[in-house]
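Remarks on the structure that follows.
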Amino acid sequence: MTVFGEMAACVRAMADERLRVAVIGAGAAGLCAARHILAKQDLFAPPAVFESAEQIGGTWVYREGPSVTEDEFPVSSSMYRDLRTNLPKEIMAFPDHAFSSSLPSFIHHQDVLRYLQSYAERFGILEYVKFHCLVESVKPVLSTIEHERVTWDITVRHARNSPERVTERFHAVMVCSGHYSDPYIPPIPGMEEFEGCLLHSHSYRSPEPFSGQTVVLLGAGPSGIDIALELSAVAERVILSHGKSPLSCQLPGNLFQAPVVLRLSRHSVTFEDGSEHRVDAFIFCTGYNYRFPFLGGDVGLRADKDLLYPLYKHLVHARFPTLFFIGVCKTIVPFPFFDRQARFALAVLAGSCPLPPTTRMEAEVEAEYRCFLGSGGRPKHFHRMDSLQWSYSRDLATAGGFPQLLPVIQKIYEMVKASRVQDIIGYKKINVFILGPEECRLEKGTGQR
Ligand code: FAD
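With our numbering applied, the sequence shown corresponds to residues 275 to 723, in that order.
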């Protein structure tokens with residue numbers, strides 16, 4: 275019997291000692307983890323979901339105002355006022371909870387927040403969320419390591435109630451704290467001299483303050499492109515600076531592409547091709563750092579800007595396999611992906627999905643990482659899945675013994691990806707219709723249903 279099988283059996287025997295799982299964060303990943311813990315009450319005690327904010331939703335909570343909450347915790351959401359999703363709701367949904375059929379496929383962020391609220395209500399999650407609770411430390415309890423049954427002490431600061439810290443012990447932890455909160459700003463020569471508006475997309479909220487201006491955006495990821503398109507409606511000129519192949523689809527007439535930035539000076543930007551432009555504002559769309567300030571050195575994880583190591587299956591800490599990270603991967607269908615990972619983690623804890631020994635898991639992660647680098651991959655893309663997510667998700671479902679995602683999800687994802695490349699301005703007007711487990715239809719329309 276595995277360590278977890280043994281632990282689960284032992285726990286079952288002690289009627290009131292079900293596994294206690296802590297969930298850090300009540301965004302989409304944390305809600306999903308809580309939902310599946312609650313579905314297995316024979317094995318798991320109701321979860322303790324720690325959330326530093328005053329409400330659920332994480333990324334999908336739009337805040338216009340200051341960069342700290344009323345508890346003075348940093349604001350985690352990078353949401354901007356007019357954001358519409360870049361995936362259709364048909365593939366954004368968790369497998370067990372659909373979006374309202376009256377909504378168009380590409381929806382406003384408020385609709386996603388409403389959706390998450392309805393998910394939390396439907397599965398009775400809210401009463402287990404401890405709001406205004408910032409997790410400050412997650413520590414393995416070392417005295418039990420020798421028995422391979424590491425438990426975890428979680429220390430929380432309850433900002434609202436008192437400045438005191440409270441520590442609770444858990445059998446397992448699911449880290450669901452997100453990774454779009456800590457802006458990555460690359461050093462650019464002359465940055466400190468620049469007298470225009472300098473910000474990161476994390477703090478961008480709406481286009482109006484940039485009316486009539488010349489704005490440079492550095493980075494052509496989803497946010498860089500989306501914000502550039504928004505700005506082009508009001509700005510004089512928008513320059514999207516990036517090191518990728520140029521976007522070949524039609525762009526608004528005042529949106530230009532440029533190579534990466536060489537330096538900034540008081541009022542201008544010089545690009546790598548030597549061209550120099552006078553600009554009013556400069557927006558870093560350069561992504562985010564992975565950041566887990568609550569993990570100390572004793573946890574033995576390397577958390578770099580864009581790498582968390584060694585995570586077996588991008589999910590389980592190989593050395594302490596009762597510590598799980600839901601949602602570290604990028605370029606995925608996030609909610610269905612979280613669902614897979616949470617269910618796999620619980621199957622591991624329940625003993626129905628045994629993991630290899632630690633040394634084997636570590637060797638596998640090492641081999642995967644070396645192979646990735648050897649084939650030309652850059653460290654910052656190690657957790658990026660894109661089309662690899664389908665076989666990954668299938669593997670988790672097979673190992674964890676839960677139903678596979680419908681093949682139509684993959685089909686829609688790949689079709690929308692192709693539409694986006696062809697028509698970056700208009701692809702959000704498409705409506706998606708699911709006709710069967712493997713069949714769908716995409717219809718170009720007005721963006722309304
Ligand atoms: P988050 O939503 O970030 O939630 C993490 C939660 O953890 C937060 O509530 C935070 O307060 C809490 N927390 C963090 N640290 C602590 C701590 N120490 N103690 C207690 N609580 C803590 N996905 C899509 O599917 N479609 C889209 O169109 C899409 N657009 C996006 C646009 C933007 C601008 C961004 C930034 C992301 C977008 N995403 C989109 C991805 C999106 O982030 C995921 O869909 C998903 O919402 C992430 O959920 P999460 O739970 O992992 O993280």
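We put the CB at the ideal spot given by N, CA and C, even for glycine.
Any heavy atom of the ligand FMN closer than 7 Å to the beta-carbon of CYS603?
The ligand FMN is not part of this structure, which contains only the ligand FAD.
Which residue marks the beginning of the beta strand (DSSP E) containing THR429, and which one marks its end?
425-432 is the extent of the beta strand (DSSP E) around THR429.
Buried or exposed: where does GLN384 fall if 16 or more other Cβ atoms within 10 Å of its Cβ makes it buried?
Only exposed fits GLN384, as fewer than 16 other CB atoms lie within 10 angstroms of its CB.
With a Cβ-Cβ cutoff of 8 Å, do ILE462 and LEU538 count as a contact?
yes
Assigned secondary structure, PHE484 (DSSP; H/G/I helix, E/B strand, else coil)
helix
Distance cut-off 7 Å: LEU503 Cβ against heavy atoms of the ligand FAD
LEU503 Cβ: outside cutoff for every heavy atom of the ligand FAD.
ARG478 to LYS691 span [Cα, whole Å]:
What sits at residue 478 in the sequence shown is Tyr, not Arg. Straight-line Cα distance between these residues: approximately 25 Å.
So does PHE558 have its beta carbon nearer than 7 Å to some heavy atom of the ligand FAD?
no
Which residues in the same chain as GLY452 place their Cβ atom closer than 8 Å to its Cβ, once the five residues preceding and following it in sequence are excluded?
GLY299, GLY301, ALA303, GLY332, THR333, SER350 and GLY601
Counting along the chain, where does the beta strand (DSSP E) carrying GLN391 start and finish?
From DSSP, GLN391 is part of no beta strand (DSSP E) but of the alpha helix (DSSP H) over 383-396.
Taking three-plus beta-carbon pairs below 8 Å as touching, is the region 659-677 in contact with the region 615-628?
yes
What are the start and end residues of each continuous beta strand (DSSP E) run of 3 or more residues lying completely inside the region 661-708, in chain order?
704-708
Is the beta carbon of ASP427 less than 8 Å from the beta carbon of VAL415?
yes
Residues in its own chain within less than 8 Å of TYR402 by CB, not counting five upstream and five downstream?
These residues qualify, in order along the chain: ALA308, LEU312, PRO320, PRO321, ALA322 and VAL323.
Exposure label - ASP500; buried when at least 16 CB within 10 Å
buried
Per DSSP, what are the beta-bridge partners of LEU569 in this structure?
LEU569 has VAL412 as its beta-bridge partners, per DSSP.
Straight-line CA distance for SER626 to LEU317?
In a straight line, the C-alpha of SER626 is about 12 Å away from that of LEU317.
Starting from THR544, follow its DSSP beta bridges and name the residues at the other end.
Secondary-structure assignment with DSSP links THR544 through a beta bridge to ARG537 and GLU550.
Just confirm the distance between the C-beta atoms of ILE683 and ILE365, as a whole number of angstroms; I'd bet it's less than 8 Å.
So it is a contact: roughly 5 Å between Cβ atoms.
Beta-carbon within less than 6 Å of GLU325's beta-carbon, same chain only, minus the 5 sequence neighbours each way: which residues are those?
If we look at GLU325 and ignore the five residues flanking it on each side, its Cβ neighbours are ALA300, VAL403 and PHE405.
Shorter than 7 Å, the distance from the beta carbon of PHE609 to the closest heavy atom of the ligand FAD, or not?
yes
How would you label ARG652, buried or exposed, when you count the other beta carbons within 10 angstroms and need 16 or more for buried?
Exposed, by the Cβ-count rule.
Buried or exposed for LYS363, please, with buried defined as at least 16 other CB atoms from any protein chain shown within 10 angstroms of its CB.
buried
Between which two residues does the beta strand (DSSP E) harbouring GLU467 extend?
Here GLU467 belongs to no beta strand (DSSP E), and DSSP marks it neither H nor E.
Should the region 441-461 be called in touch with the region 549-561, which here means at least 3 C-beta pairs below 8 Å?
yes
From this set, CYS407, SER542 and ALA446, which residue's C-alpha is nearest GLU466's C-alpha?
SER542
Between the alpha carbons of LEU525 and LYS703, how many angstroms are there, rounded?
Spanning the two alpha carbons is a distance of roughly 16 Å.
Would you list the residues sitting across from MET448 in a DSSP beta bridge?
VAL297 and PHE598
Straight-line Cα distance separating CYS603 from HIS588:
Each residue's Cα considered, the two are about 7 Å apart.
Tell me whether HIS324, by its Cβ, gets closer than 7 Å to a heavy atom of the ligand FAD.
According to the sequence shown, residue 324 is Phe rather than His. Under cutoff, so the answer is yes.
Residues near PRO595 in its chain [Cβ-Cβ closer than 6 Å; skip 5 each side]
Once the five neighbours on either side are set aside, the close Cβ partners of PRO595 are LEU629.
Any chance the CB of THR359 is under 7 Å from a heavy atom of the ligand FAD?
yes
How would you label LEU390, buried or exposed, when you count the other beta carbons within 10 angstroms and need 16 or more for buried?
buried
Which residues in the same chain as CYS284 place their Cβ atom closer than 6 Å to its Cβ, once the five residues preceding and following it in sequence are excluded?
Unreliable placement is indicated for CYS284, whose pLDDT of 47 sits below 50; the coordinate value is still reported in the next sentence. Answer for CYS284: no residue qualifies.
What are the boundary residues of the beta strand (DSSP E) that GLN722 is part of?
Careful: GLN722 lies outside any beta strand (DSSP E) and carries neither H nor E.
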